[in-house]
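Report on the structure given below.
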Amino acid sequence: MYKFCMLLAFCIAFAFLHSSAQHKGRKSFNADWKFKLDSTAAFSDPAIDDASWRTLQLPHDWSIEGSFSKDHPAGTGGGALPGGLGWYRKTFTLPETEKGKQVFIEFDGVYCNSEVFINGHSLGIRPNGYISFRYELTPHLRYGAQPNVIAVKVDNSKQPNSRWYSGSGIYRNVWLTSLNPAHIAHWGTFITTPKVTNAEATIAITTDVAANTNTAAQLVTTIFDASGRKVATATVDAQPKNEQQIKVKTPQLWSVERPYLYKAVSQIVAAGKVLDEYETVFGIRSFYFDAAKGFFLNGKPLKILGVCNHHDLGALGAAINTRALERQLELLKAMGCNGIRTSHNPPAPELLQLADKMGFIVMDEMFDMWAKAKNPFDYHLAWDQWHKQDLEDFIRRDRNHPSIFVWSVGNEIPEQWGDAAKGDSSGRNISRELAAIVRALDTTRPVTTANNETGLHNFLLQSGAFDLVGYNYHHQEWGSALQRWPGKPFIVTESTSALQTRGHFDLVPADSIRRWPEAWDKPIPNGGNTDFTVSAYDHVSAPWGSTHEESIKELLRYPHVSGMYIWTGFDYLGEPTPYPWPARSSYFGIIDLAGFPKDVYYLYQSIFTSKPVLHLYPHWNWQSGDTVDVVAYYNNADAVELFVNDRSFGVAAKRDGALHLKWRVPYQPGTLRAVSKKGGNTVLVKEVKTAGAPARLIAKPDRTVIKSDGTALSFITVEVLDADGVPVPYADNMVQFTVTGAGFIAAVDNGSPVSMEPFKATQHKAAKGKVLCIIQSTGKPGKITVTATAAGLQDTTVQLTAK
Numbered sequence: 001m002y003k004f005c006m007l008l009a010f011c012i013a014f015a016f017l018h019s020s021a022q023h024k025g026r027k028s029f030n031a032d033w034k035f036k037l038d039s040t041a042a043f044s045d046p047a048i049d050d051a052s053w054r055t056l057q058l059p060h061d062w063s064i065e066g067s068f069s070k071d072h073p074a075g076t077g078g079g080a081l082p083g084g085l086g087w088y089r090k091t092f093t094l095p096e097t098e099k100g101k102q103v104f105i106e107f108d109g110v111y112c113n114s115e116v117f118i119n120g121h122s123l124g125i126r127p128n129g130y131i132s133f134r135y136e137l138t139p140h141l142r143y144g145a146q147p148n149v150i151a152v153k154v155d156n157s158k159q160p161n162s163r164w165y166s167g168s169g170i171y172r173n174v175w176l177t178s179l180n181p182a183h184i185a186h187w188g189t190f191i192t193t194p195k196v197t198n199a200e201a202t203i204a205i206t207t208d209v210a211a212n213t214n215t216a217a218q219l220v221t222t223i224f225d226a227s228g229r230k231v232a233t234a235t236v237d238a239q240p241k242n243e244q245q246i247k248v249k250t251p252q253l254w255s256v257e258r259p260y261l262y263k264a265v266s267q268i269v270a271a272g273k274v275l276d277e278y279e280t281v282f283g284i285r286s287f288y289f290d291a292a293k294g295f296f297l298n299g300k301p302l303k304i305l306g307v308c309n310h311h312d313l314g315a316l317g318a319a320i321n322t323r324a325l326e327r328q329l330e331l332l333k334a335m336g337c338n339g340i341r342t343s344h345n346p347p348a349p350e351l352l353q354l355a356d357k358m359g360f361i362v363m364d365e366m367f368d369m370w371a372k373a374k375n376p377f378d379y380h381l382a383w384d385q386w387h388k389q390d391l392e393d394f395i396r397r398d399r400n401h402p403s404i405f406v407w408s409v410g411n412e413i414p415e416q417w418g419d420a421a422k423g424d425s426s427g428r429n430i431s432r433e434l435a436a437i438v439r440a441l442d443t444t445r446p447v448t449t450a451n452n453e454t455g456l457h458n459f460l461l462q463s464g465a466f467d468l469v470g471y472n473y474h475h476q477e478w479g480s481a482l483q484r485w486p487g488k489p490f491i492v493t494e495s496t497s498a499l500q501t502r503g504h505f506d507l508v509p510a511d512s513i514r515r516w517p518e519a520w521d522k523p524i525p526n527g528g529n530t531d532f533t534v535s536a537y538d539h540v541s542a543p544w545g546s547t548h549e550e551s552i553k554e555l556l557r558y559p560h561v562s563g564m565y566i567w568t569g570f571d572y573l574g575e576p577t578p579y580p581w582p583a584r585s586s587y588f589g590i591i592d593l594a595g596f597p598k599d600v601y602y603l604y605q606s607i608f609t610s611k612p613v614l615h616l617y618p619h620w621n622w623q624s625g626d627t628v629d630v631v632a633y634y635n636n637a638d639a640v641e642l643f644v645n646d647r648s649f650g651v652a653a654k655r656d657g658a659l660h661l662k663w664r665v666p667y668q669p670g671t672l673r674a675v676s677k678k679g680g681n682t683v684l685v686k687e688v689k690t691a692g693a694p695a696r697l698i699a700k701p702d703r704t705v706i707k708s709d710g711t712a713l714s715f716i717t718v719e720v721l722d723a724d725g726v727p728v729p730y731a732d733n734m735v736q737f738t739v740t741g742a743g744f745i746a747a748v749d750n751g752s753p754v755s756m757e758p759f760k761a762t763q764h765k766a767a768k769g770k771v772l773c774i775i776q777s778t779g780k781p782g783k784i785t786v787t788a789t790a791a792g793l794q795d796t797t798v799q800l801t802a803k
């Protein structure tokens, strides 16, 4: 038996726009930046006149504002959107009272190849587009009425440099922090729980202190529970590195069902004065991975049902928005998902804060490639100089999050195979180096890599450096992993790669599994569908993958399979397997790009939640003479009976490991009705009706009250209905949006992977009867009126309130 015990370090920001561990005086630095796209001139000189430049608020992604084109160098893999080189500038002043303090600027992420200047002085470069970093401004600052100018050069012109849509610009939050010379260091706390029982937990806190004076000071650490009640405190004389242990009686444990949070407040105190205050939110928990029995959280077995997600937010692009992330996680949680893999890069801090707060098992991933390239201009060019610092910064930034249970240091790394002809086995040495870097900073979590080579000749797995064996795909081999890698816990780092277009169904048997394409280097049989759709029955996958049901059955069959991370939770921009242009976004998601669930969403809900589920599909608008496979997902019932226009087509129940029910039904217009029963009593009834011509619109906001903070969002789904209120499954009407009051249109979308319509617009076609309008607060309180209209249809209006 192999057990990897782990501590829990966890921080969530009580205000979502704050990072997991932070100084009390840290302030947002997002407002009133100037922006210009220009690949020929330099704009670091503070004397340059930027009055004519565009003024905007960060975070910002300039690529999402562009038009789709097959000629953009990022290619369809990168979302067919433009890159380029851009400059950001911000002018600010500091009062004379700031003299004597240390002032830092912190970037949560800039894509990519950034260089930062203060008053004309270069502070440094950072090639990695996902890493968080900071610079000290103090030596170059001016005070009083004299202006300071920050300039940031962002170079995303050399493409392709990513296998998916990256976005471009300062797309994550920026912060300014002013500190006394004696202060807690950057990412300076590390909280672990080496001993946890129901009666008592030991909280071990390591705190790094930067003290640029000879002032004698004390470090006072106080722990508060979720209600704000002080539960424990400890004081030591402040040293550069401080170790404290604090006991918490009858601790409330963090779990996926109840992610309970504590907060540690660290203060540097001298002569009765607080010189610095630093907050770290954490959770108390224990876990381990067992080679034979899987994953255990707080002593109880738990199957990890996770998803992989890229960082884009669909129509909003890469620019981080906390509410957009929260909506994604809410949809996934309701599906039964309890895990997130940050494929394949450091995520925005806000994602981890939400995962902490909402209860997700996170695999935090650092690299998509090492020294060997996947694209001509990707991170391999910076590997030798930057990988050690980037990995260290990644671990230091994230190690206080209890939602993080696994570190991944590589995804499908080319060094798995090396080059036998050249005697290249560098994968072994790099694996050992990276694992050692992680363990020097955190020994509480297992380290893994996501491997698409599962054989014994894989140099990464040969290295013995990793605590968890991670497989990408190869679902037929999950059962034998324990024999192949004896004594090592096993996790599916990436699974499935099923393909679907929401709302489209090919009239072929729903259980006839197809691999599109037949192999990664071959075309789709017969070219696929002429309209670039993929049938949304769960029967199509990429050749390296499996259908959702194939993956789920293997996950549930073997106790040693600790969990799996499905590719993917949401569709994402770029990588439009299995089609070439004009496809420009993925088909892999359980939920489409607009956030509309595909039918397979309810398969997961029926298995992995206790919520009563009965889901019936497909739509019921077909041609006379068609024979249609009707599928039902259900739970909490013994059987389901299907009716067509009140004629029974039989009672069916899941048997022999089946996860769905199916009836072959000759089409006739009218009503499909499914009735699930338990013990003879009706549990649920679901109907699908034949729709007539489009007649009206209906708008459904996910929130009618939003904050007036300038970032809050309401996601409004507009559906096309017939005269009787039946959703029209084929409707593609152009819908126009108008907004008045304290809101504006942030983006529009319909989830289609082949739409060429811009996201930044006031109109968008419906796809399969639905379209999305995202409304954002202007930053002022007030009413917001949103009206959706379409030619020949009855319009619809919703009222929102920003406050």
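In this note's numbering, the protein residues as written are 1 to 803. From the three backbone atoms N, C-alpha and C, an ideal C-beta is built for every residue, glycine too.
Taking the Cβ atom as the reference point for each residue, do residue i and residue j lie within a distance shorter than 8 Å?
i           : j           : result
residue 26  : residue 177 : yes
residue 477 : residue 565 : no
residue 567 : residue 308 : yes
residue 257 : residue 100 : no
residue 276 : residue 186 : no
residue 583 : residue 754 : yes
Report the option in the options whose CA atom is closest to the CA atom of residue i.
i           : options               : result
residue 216 : 362, 175, 268 and 670 : 268
residue 329 : 354, 693 and 298      : 354
residue 156 : 223, 711, 148 and 82  : 82
residue 30  : 185, 688 and 709      : 709
residue 392 : 222, 372 and 439      : 439
residue 62  : 736, 232, 653 and 320 : 320
residue 612 : 694, 675, 560 and 246 : 675
residue 713 : 720, 701, 435 and 343 : 701
residue 84  : 661, 59, 634 and 41   : 41
residue 250 : 199, 270 and 265      : 199
Residue i bridges to which residues according to DSSP?
i           : result
residue 191 : 205
residue 22  : 279
residue 662 : 631
residue 411 : 450
residue 296 : 288 and 301
residue 564 : 305 and 492
residue 715 : 774
residue 169 : 111
residue 805 : The structure shown has nothing for residue 805, since the chain only spans 1 to 803.
residue 689 : 671
residue 424 : 419
Just to confirm my understanding: we take residue i, look at its own chain, exclude 5 residues before and 5 after, and list those with CB closer than 7 Å. What are they?
i           : result
residue 394 : 131, 346 and 366
residue 386 : 127 and 128
residue 453 : 416 and 417
residue 16  : Since pLDDT at residue 16 reaches only 32, below the 50 mark, its modelled position is unreliable, and no value is offered.
residue 514 : 539 and 540
residue 1   : In this prediction, residue 1 scores a pLDDT of 38, lower than 50, which makes its location untrustworthy; no coordinate-derived value is stated.
residue 260 : 226, 252, 253, 254 and 283
residue 231 : 223, 224, 225 and 248
residue 243 : 206
residue 396 : 187 and 441
residue 505 : 535, 536, 537 and 618
Taking residue i and residue j to be in contact with their CB atoms under 8 Å, please state how far apart those CB atoms are, rounded to whole angstroms.
i           : j           : result
residue 423 : residue 413 : Incorrect: roughly 18 Å between the Cβ atoms, too far for contact.
residue 92  : residue 173 : Not really, about 16 Å apart at Cβ, beyond 8 Å.
residue 743 : residue 697 : No, residue 743 and residue 697 are not in contact; Cβ-Cβ is about 19 Å, not under 8 Å.
residue 732 : residue 767 : 6 Å
residue 491 : residue 563 : 6 Å
Leaving out five residues before and five after residue i in sequence, what residues of the same chain have Cβ atoms less than 6 Å from its Cβ?
i           : result
residue 738 : 787
Please return the same chain residues whose Cβ sits closer than 8 Å to the Cβ of residue i, not counting the five positions on each side in sequence.
i           : result
residue 627 : 507, 664, 665, 666 and 667
residue 3   : With a pLDDT of only 42 at residue 3, under 50, the local geometry of the prediction cannot be trusted, and no value is derived from it.
residue 32  : 55, 57 and 90
residue 600 : 498, 500, 536, 538, 548 and 590
residue 241 : 206, 207, 208 and 209
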